[in-house]
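Here is the structure we will look at, set down as structure tokens.
In the working numbering, the protein residues as written are 0 to 173.
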């Protein structure tokens with residue numbers, strides 16, 4: 000039943016592929032924001048069902064269900080404050096580096112979410128609404144990927160600096 004992996008037509012991109020393609024993060028339009036907000040009101044009424052559908056095929060990820068759904072809720076709430084949304088997504092990306100959750104998996108969350116909300120929204124689901132949600136997830140995951148890579152560079156830089164400050168044990172022997 001793995002919707003994103005079994006062929007929904009949504010192909011998550013990795014941070015590396017986005018950066019090598021020199022592609023800018025997706026941009027949310029006022030129409031996207033309106034569609035997302037309107038659909039979110041309906042989705043919230045059955046949010047537990049959406050979460051269960053999202054994670055039903057991968058029980059090992061159930062531990063992060065509440066965090067993922069909370070992040071989606073916060074993202075929707077910040078659609079009129081994109082700087083705050085970007086800060087939130089960047090910090091989430093940085094924290095994903097710290098607990099070893101690489102960007103190659105981020106795109107699956109959006110794909111799974113879209114597969115999960117389709118049956119909840121039923122006849123309200125439209126190609127325009129799907130595009131709006133895809134754009135939101137592309138936007139957020141691009142910023143998360145940037146945060147992950149920033150943290151990776153920061154840690155690598157710190158490690159290099161720390162190793163230069165340590166005396167070289169090979170040169171201390173008599």
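Built from N, CA and C at the ideal position, the CB exists for glycine as well. Keep in mind it's a predicted model, so treat the numbers as computed, not measured.
Span separating the alpha-carbon of residue i from that of residue j
| i | j | result |
| --- | --- | --- |
| residue 82 | residue 74 | 11 Å |
| residue 112 | residue 50 | 8 Å |
| residue 71 | residue 79 | 14 Å |
| residue 129 | residue 86 | 25 Å |
| residue 32 | residue 38 | 10 Å |
| residue 40 | residue 62 | 25 Å |
| residue 20 | residue 69 | Confidence is the limiting factor: at residue 20 the pLDDT is only 47, short of 50, which leaves the residue's position unreliable and the question unanswerable from this model. |
| residue 65 | residue 136 | 17 Å |
| residue 43 | residue 109 | 16 Å |
| residue 152 | residue 122 | 46 Å |
| residue 100 | residue 156 | 20 Å |
| residue 126 | residue 132 | 10 Å |
| residue 95 | residue 30 | 30 Å |
| residue 140 | residue 67 | 12 Å |
| residue 77 | residue 154 | 29 Å |
| residue 102 | residue 84 | 18 Å |
| residue 89 | residue 107 | 18 Å |
Selection from the options that minimises the alpha carbon distance to residue i
| i | options | result |
| --- | --- | --- |
| residue 118 | 76, 53, 138 and 36 | 53 |
| residue 36 | 148, 63, 120 and 151 | 120 |
| residue 27 | 45, 150 and 134 | 134 |
| residue 116 | 48, 30 and 107 | 48 |
| residue 55 | 114, 90 and 95 | 114 |
| residue 34 | 154, 124 and 77 | 124 |
Nearest-angstrom beta carbon gap, residue j and residue i [assumed within contact, 8 Å]
| i | j | result |
| --- | --- | --- |
| residue 144 | residue 105 | 7 Å |
| residue 142 | residue 92 | 7 Å |
| residue 147 | residue 25 | No, residue 147 and residue 25 are not in contact; Cβ-Cβ is about 17 Å, not under 8 Å. |
| residue 97 | residue 149 | Actually they do not touch by this definition, with Cβ atoms about 12 Å apart. |
Where the alpha helix (DSSP H) through residue i begins and ends
| i | result |
| --- | --- |
| residue 114 | 105–120 |
| residue 123 | Unbroken run through residue 123: none, as it is neither H nor E. |
| residue 88 | 81–97 |
| residue 45 | From DSSP, residue 45 is part of no alpha helix (DSSP H); its letter is neither H nor E. |
| residue 64 | 64–76 |
Contact test: residue i Cβ vs the ligand ZN heavy atom, cutoff 7 Å
| i | result |
| --- | --- |
| residue 77 | As presented, the structure is devoid of all ligands, the ligand ZN included, so that no description of it is given. |
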